[in-house]
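One structure below.
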Amino acid sequence: MTGSEVAAVGVVTGWGRSAVALPPDAVRAAAGRRVIAVEPPRAAGERFRRATRECQLGVAAVEALLREASLGPEAIRGDETALVYVTAAAYGSSNRAFIRAIASSTLHFPYTAPSAVPAEVAIEFGLTGPYVILIGGAAATIDGLWQATLLLRRGQCRRALVLAVETFAECEDLWARGRWLVRPPLVESAACALVVPGPWRATYAPAPAPSPLEALARARAGETLACAPLIALALARAAGDAGPVTLTGEWRGRRAGLAWEAH
Amino acid sequence: MVRLRTEPVAIVAAGVVTPLGDVDAFWSGLVTGTDAISRIERFPVDDLRVGLGGEIKKLKRERRGGCRASQLLFAAADDLLARAHLDASPRRVGVVLGTALGGVEEGERALAGDPSARRTAAALYDGPAHALARRLGCRGPALTVSTACASGATSLGVAADLLRADAAADLVVAGGYDILCRFVMRGFDALRSLTRDRVRPFDRRRSGLLLGEGAALVLMARDRDARRRIGRLLGHASAGDGTHVAAPDPEGRGLASAIRIALAEAEVGPEDVDFVSAHGTATPLNDRIETAVLKRVLGARAGLIPMNSIKGALGHTMGAAATLEAIMCLLASREGVVPHTVGLEERDPECDLDYVTTAPRAARPRVSLSTSLGFGGCNAALVLEGDAR
Chain E
1 MTGSEVAAVG VVTGWGRSAV ALPPDAVRAA AGRRVIAVEP PRAAGERFRR
51 ATRECQLGVA AVEALLREAS LGPEAIRGDE TALVYVTAAA YGSSNRAFIR
101 AIASSTLHFP YTAPSAVPAE VAIEFGLTGP YVILIGGAAA TIDGLWQATL
151 LLRRGQCRRA LVLAVETFAE CEDLWARGRW LVRPPLVESA ACALVVPGPW
201 RATYAPAPAP SPLEALARAR AGETLACAPL IALALARAAG DAGPVTLTGE
251 WRGRRAGLAW EAH
Chain B
264 MVRLRTEPVA IVAAGVVTPL GDVDAFWSGL VTGTDAISRI ERFPVDDLRV
314 GLGGEIKKLK RERRGGCRAS QLLFAAADDL LARAHLDASP RRVGVVLGTA
364 LGGVEEGERA LAGDPSARRT AAALYDGPAH ALARRLGCRG PALTVSTACA
414 SGATSLGVAA DLLRADAAAD LVVAGGYDIL CRFVMRGFDA LRSLTRDRVR
464 PFDRRRSGLL LGEGAALVLM ARDRDARRRI GRLLGHASAG DGTHVAAPDP
514 EGRGLASAIR IALAEAEVGP EDVDFVSAHG TATPLNDRIE TAVLKRVLGA
564 RAGLIPMNSI KGALGHTMGA AATLEAIMCL LASREGVVPH TVGLEERDPE
614 CDLDYVTTAP RAARPRVSLS TSLGFGGCNA ALVLEGDAR
């Protein structure tokens with residue numbers, strides 16, 4: 001059986017452009033603000049003229065990953081790289097714009113689909129390998145990381161990108177109604193992990209309680225929904241912990257867990 | 264890369280709600296060539312270029328049933344549970360659903376001034392899957408897949424992974440759903456993808472698709488655990504195009520890759536494929552590309568394999584489509600009949616495969632290949648084995 005490991009994690013949040021930029025206490029740092037927005041760097045080129053903010057964030061997270069891993073884009077191009085994309089709600093703003101006819105043009109409609117973000121990322125980086133898109137919060141990202149390990153184990157890819165994006169600003173009023181689902185501050189984020197063959201066996205199972213890393217990511221980043229497990233991984237790596245790791249993530253009452261352990 | 268064969272997963276039973284009705288009505292409608300396209304009545308369409316679709320006219324509504332997407336899922340679940348039981352611990356029963364639109368109609372209502380928190384939560388695309396899990400009492404993993412119009416195929420693949428992993432679930436209710444609503448009709452109308460004619464897959468005169476709505480569910484179990492089955496999922500794969508947000512890759516490279524990997528997973532070669540359920544949307548581009556890809560991947564065998572598209576009968580049911588097509592493959596095997604392609608009358612010279620036309624064909628496919636494409640360059644392929652009587 002092929003084991004796996006996380007080779008690098010790129011993070012962009014409303015707090016800054018790396019895990020190191022996260023404050024020690026997100027609630028205190030938010031100082032009462034409900035949403036900590038992020039403005040992604042505008043990707044160059046005519047192709048991005050219509051791309052939404054969440055698409056730009058997805059591209060920015062992969063660029064951050066490549067910087068973190070000291071890799072060029074050619075290292076991930078082609079059909080041997082899988083792309084697993086997860087979001088709870090990064091389609092909300094584009095849906096809203098379309099519903100309100102702010103952007104009811106022919107060309108905006110495809111951007112209302114969650115698949116628009118990984119599509120723009122795949123186009124930008126030439127990714128043509130296996131492709132999975134999951135909808136949900138942190139538990140779905142655990143599912144996504146597990147999917148990445150399966151794709152590697154089955155030989156369907158040589159590496160997998162697990163990408164999560166969350167935006168909140170355009171739908172802040174709607175999120176205010178869903179207080180039982182989310183706890184402020186809502187921190188806009190995008191994060192991407194590179195999963196490669198490695199020494200660790202991944203075990204996927206329901207988790208009875210939050211792992212220390214889940215709690216750490218919550219405390220330092222705030223509410224980042226699907227990005228939380230990837231931010232947790234980045235924090236672990238920033239602390240010099242690249243070995244066995246246990247991740248958990250919760251969404252709508254379900255907590256999933258993924259443990260990378262020695263064979 | 265060295266690819267490992269994956270364990271087949273049993274498909275125990277199926278349940279659907281479609282413009283044709285439940286599983287029995289769905290099947291009889293397909294073999295009789297019923298065209299379920301009609302004028303949309305549930306919401307205004309007078310301002311749209313095209314107001315036709317595969318609308319479900321009668322749906323039993325539950326008093327506390329939630330949004331229409333959830334109601335469709337509940338109706339399909341009722342059909343499923345009339346044919347099979349969830350005989351496992353609720354903690355070991357998962358739900359994996361595919362959708363292109365989730366609860367978007369609830370989002371429209373929330374933005375139109377209904378401020379309820381329930382409405383807001385239902386507007387998230389994973390809301391209906393959680394509603395179905397609650398309705399069924401399933402306390403295992405509840406996942407939502409959204410690979411656009413390939414979602415109903417990807418969801419079966421992810422469900423199979425949950426079962427193979429052993430640790431997560433012993434049974435999975437999997438499938439796909441989507442509703443017809445103003446949001447999606449406006450979108451496709453703006454794209455001018457909708458035809459004013461009928462849906463004509465692979466026909467020389469084809470001029471676009473029409474949308475439909477539905478929900479399709481299958482109960483899946485590890486093959487070694489299943490006491491009965493209607494078939495097996497032998498292989499599944501997905502692949503991205505990486506070329507365009509809304510249009511398929513002109514060469515169909517992602518679709519070709521998905522088919523090749525799915526066949527390899529199933530340890531099945533082109534010579535073993537007895538039937539192809541094509542995506543067959545009836546857009547000029549899709550049908551031409553899909554035909555070319557099948558010829559490239561299946562080689563000389565491609566022209567000898569019966570093939571159909573059921574979108575002429577139902578419209579394109581988006582997230583439900585691939586699961587409905589998978590169920591159709593298994594029913595074809597059981598019943599010894601391949602439904603014909605409603606709407607196909609004059610074959611396009613560029614689409615020169617053995618599409619079943621005019622009337623159903625007597626055949627009992629053992630191994631079927633089902634292909635799907637979606638916005639964002641999402642492609643998926645399923646390899647299914649029927650459990651012939």
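Here the protein sequences line up with chains E and B, keeping their order.
Residue numbering for the first sequence follows my numbering, beginning at 1 and increasing consecutively.
Residue numbering for the second sequence follows my numbering, beginning at 264 and increasing consecutively.
Glycine included, each C-beta is placed from N, C-alpha and C at the ideal position.
Comparing C-alpha distances from P569 of chain B to each of B:A541, B:A583, B:R485 and B:A277 shows the shortest one belongs to B:A541. Rounded to the nearest whole angstrom, the C-alpha separation of G329 of chain B and T2 of chain E is 44 Å.
Non-local beta-carbon contacts of V447 of chain B in its own chain, meaning distances under 7 Å to residues more than five positions away in sequence, involve L364 and L474 in chain order.
The Cβ atoms of A423 of chain B and L496 of chain B sit closer than 9 Å to each other. Looking at the backbone, the Cα of G78 of chain E and that of A437 of chain B are separated by about 30 Å. Proximity of A384 of chain B to chain E, defined by a Cβ-Cβ separation below 9 Å, is satisfied. With three or more CB-CB distances shorter than 8 Å, the region 395-415 of chain B counts as touching the region 347-360 of chain B.
In this structure, A164 of chain E keeps its C-beta atom at 9 Å or more from the C-beta atom of A207 of chain E. Among the residues of chain E, none has a CB under 7 Å from the CB of C330 of chain B; the nearest is roughly 15 Å distant. The residues L311, R312 and V313, in chain order, have a CB closer than 7 Å to that of D452 of chain B in the same chain once the five nearest residues on each side in sequence are set aside. The Cβ neighbour count for R67 of chain E, taken over all protein chains shown within 10 Å, is under 16; the residue is labelled exposed. Of the candidates B:A428, B:L472 and B:L607, B:A428 places its Cα closest to the Cα of T203 of chain E. In the three-state DSSP reduction, I573 of chain B falls in the coil class, being neither helix nor strand. Between the C-alpha atoms of E476 of chain B and A30 of chain E there is a straight-line separation of about 44 Å.
Looking at the DSSP output, A437 of chain B bridges to B:V359 and B:V481.
Straight-line measurement puts the Cα of S596 of chain B at about 48 Å from the Cα of L65 of chain E. A89 of chain E is positioned such that its CB atom lies no closer than 9 Å to that of G639 of chain B.
In the structure shown, the three-state DSSP call for H499 of chain B is strand. According to DSSP, L163 of chain E shares a beta bridge with E:Y85 and E:C192. Nearest Cα to A545 of chain B within the set B:R523, B:S456 and B:A384: B:S456.
Under the Cβ distance rule, F306 of chain B does not count among the residues neighbouring chain E, no pair being separated by less than 9 Å. For R627 of chain B, there is no enclosing alpha helix (DSSP H), as DSSP gives it neither H nor E. Chain-order list of chain E residues neighbouring S501 of chain B: P130, Y131 and V132, by C-beta distance under 8 Å. R220 of chain E sits in a helix when the DSSP states are folded into three classes. Proximity of V356 of chain B to chain E, defined by a Cβ-Cβ separation below 9 Å, is not satisfied. Three or more pairs of CB atoms, one per stretch, sit closer than 8 Å, so the region 613-624 of chain B contacts the region 546-559 of chain B. Unbroken beta strand (DSSP E) runs of no fewer than 3 residues, entirely contained in the region 526-611 of chain B, are found at 538-540, following chain order. The beta-carbon of T112 of chain E is placed less than 9 Å from the nearest beta-carbon of chain B. At least one CB of chain E lies nearer than 9 Å to the CB of V421 of chain B. Short of 7 Å from the beta carbon of T506 of chain B, and not among the five residues preceding or following it, lie these beta carbons of its own chain, in chain order: D512 and G640. With the rule of 3 Cβ pairs closer than 8 Å, the region 243-260 of chain E does not count as touching the region 576-588 of chain B. Looking only at B:E534, B:S631, B:D535 and B:F289, the smallest Cα-Cα distance to A277 of chain B is reached by B:F289.
In the structure shown, S633 of chain B adopts extended strand secondary structure according to DSSP, grouped into three states. Residues R492, I493, G494, R495, L593, S596 and R597 of the same chain have their beta carbon placed closer than 8 Å to that of D650 of chain B, with the five preceding and five following residues left out of the count. One finds A88 and A89 in chain E with Cβ atoms closer than 7 Å to the Cβ of L387 of chain B, taken in chain order. One finds L134, I135, G136 and A140 in chain E with Cβ atoms closer than 8 Å to the Cβ of T407 of chain B, taken in chain order.
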